[in-house]
Every structure is written in C-alpha cells, then in structure tokens.
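Numbers given in this note's numbering equal positions in the sequence shown, counted from 1, plus 134.
The beta-carbon is built from N, C-alpha and C at its ideal position, and this holds for glycine as well.
Contents: one structure, followed by commentary.
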Amino acid sequence: MASQISPEEIEQYKKAFSVFDKDGDGKISTEDLKAVLGSLGHMPSQAMLEDIMHEVDNDGNGTIELDEFLEMMNSKIDFTESESDKSGFITASVLQEVMTNIGDKLTYKEAEDMIEEIDTDGDGKVTFDDFQDMMTKE
Numbered sequence: 135m136a137s138q139i140s141p142e143e144i145e146q147y148k149k150a151f152s153v154f155d156k157d158g159d160g161k162i163s164t165e166d167l168k169a170v171l172g173s174l175g176h177m178p179s180q181a182m183l184e185d186i187m188h189e190v191d192n193d194g195n196g197t198i199e200l201d202e203f204l205e206m207m208n209s210k211i212d213f214t215e216s217e218s219d220k221s222g223f224i225t226a227s228v229l230q231e232v233m234t235n236i237g238d239k240l241t242y243k244e245a246e247d248m249i250e251e252i253d254t255d256g257d258g259k260v261t262f263d264d265f266q267d268m269m270t271k272e
C-alpha cells in the first residue's frame with residue numbers, strides 16, 4: 135500500500151469499526167454489516183452483503199477483523215490519492231476501473247449497485263467524505 139494511516143486516522147477508524155461491530159466480539163459479521171447499513175437507511179441485498187464481505191475479508195473466515203478494516207480504509211485513501219480525474223467523486227465507472235486495476239473484476243452493474251447503496255442524493259456520485267460519514271455515523 136502506498137499510503138500510511140496516521141495514528142489519528144487509526145483511532146477514527148477504530149471508532150468506526152466499533153460501530154460496525156454491533157456485538158463487540160472484535161469482528162464484523164454479515165449480520166453486523168447488515169444492521170449498521172440498515173440503521174443508515176440502506177437495505178443491501180444478501181448478494182451485496184456477500185460482495186462487501188468477499189472484498190474485505192482477506193483471510194476468508196467470514197468476518198472482518200480490525201486489521202482487514204484498516205486495510206480497506208487505507209485502500210480508500212490510496213484510491214483518492216490516485217484518482218485520475220481528481221473530481222472528488224467516486225462514480226460507478228471509476229469504481230469499476232479501480233477494482234479492475236487491483237485485480238478484482240467488477241461489472242459495471244455491480245459497481246453501480248455499490249454506488250447506489252451509499253449515494254444519498256441519487257446523483258450517481260459519492261464523495262469519499264460521504265463514504266467516510268456513512269462508516270462513522272452513529
């Protein structure tokens with residue numbers, strides 16, 4: 135990874151992790167993820183939840199641990215630093231391109247569905263701040 139997470143960011147992301155870790159067991163399960171996204175007004179399909187888990191659960195144990203969560207957040211930082219058009223927005227086409235570049239082929243429809251899950255104003259674009267707000271909102 136190109137970026138290093140600052141100690142302040144680590145603390146912020148630990149707080150976000152604890153919001154997702156509803157039962158306090160140190161792991162984010164599919165049910166934890168569904169509960170948090172539901173509380174934010176998002177009702178992801180089971181397939182979407184599985185896609186998210188598959189993307190972040192590097193060791194394949196079915197849960198997201200803190201180190202995997204921090205790695206995901208660092209990837210988001212890398213993404214914003216390497217975004218080619220510097221628009222400040224993540225669109226489905228940009229998401230698809232980035233995911234392909236890191237070796238995870240994503241269809242445009244899958245990318246569009248992921249964007250739709252966190253696009254609060256329905257314009258097809260999500261700022262990194264929107265994403266981060268969704269992750270840390272209590």
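### Query
From aspartate 212 to glutamate 202, what does the alpha carbon distance come to, in whole angstroms?
With a pLDDT of 49 at aspartate 212, under the threshold of 50, the modelled position of that residue is not reliable, and the figure given next carries that caveat. Straight through space, the alpha carbons of glutamate 202 and aspartate 212 are spaced by roughly 15 Å.
### Query
Would you say the beta carbon of aspartate 253 comes nearer than 7 Å to a heavy atom of the ligand GDP?
Judged by which ligands are present, the structure shown has none, so any question about the ligand GDP falls away.
### Query
Could you give the distance in angstroms between the alpha-carbon of aspartate 155 and the alpha-carbon of serine 227?
Aspartate 155 and serine 227 have their alpha carbons spaced roughly 30 Å apart.
### Task
For glutamate 251, collect the residues of the same chain with a Cβ closer than 8 Å to its Cβ; drop the 5 residues on either side in sequence, then sort them by chain order.
Residues Leu171, His176, Pro178 and Met182 of the same chain have their beta carbon placed closer than 8 Å to that of glutamate 251, with the five preceding and five following residues left out of the count.
### Message
If the criterion is Cβ atoms closer than 8 Å, does the pair isoleucine 224 and isoleucine 198 meet it?
### Response
Taking C-beta atoms as the reference points, isoleucine 224 and isoleucine 198 fail to come closer than 8 Å.
### Query
How many Å lie between serine 163 and glycine 194 at the Cα?
Cα to Cα, the separation comes out at about 12 Å.
### Query
So alanine 200 packs on isoleucine 186, CB below 8 Å; how close in whole Å?
The question names alanine, but residue 200 in the sequence shown is leucine. About 16 Å separates the two Cβ atoms, so there is no contact after all.
#### Entry: Per-residue DSSP class, three states only, for threonine 254
Residue state, collapsed to three classes: coil.
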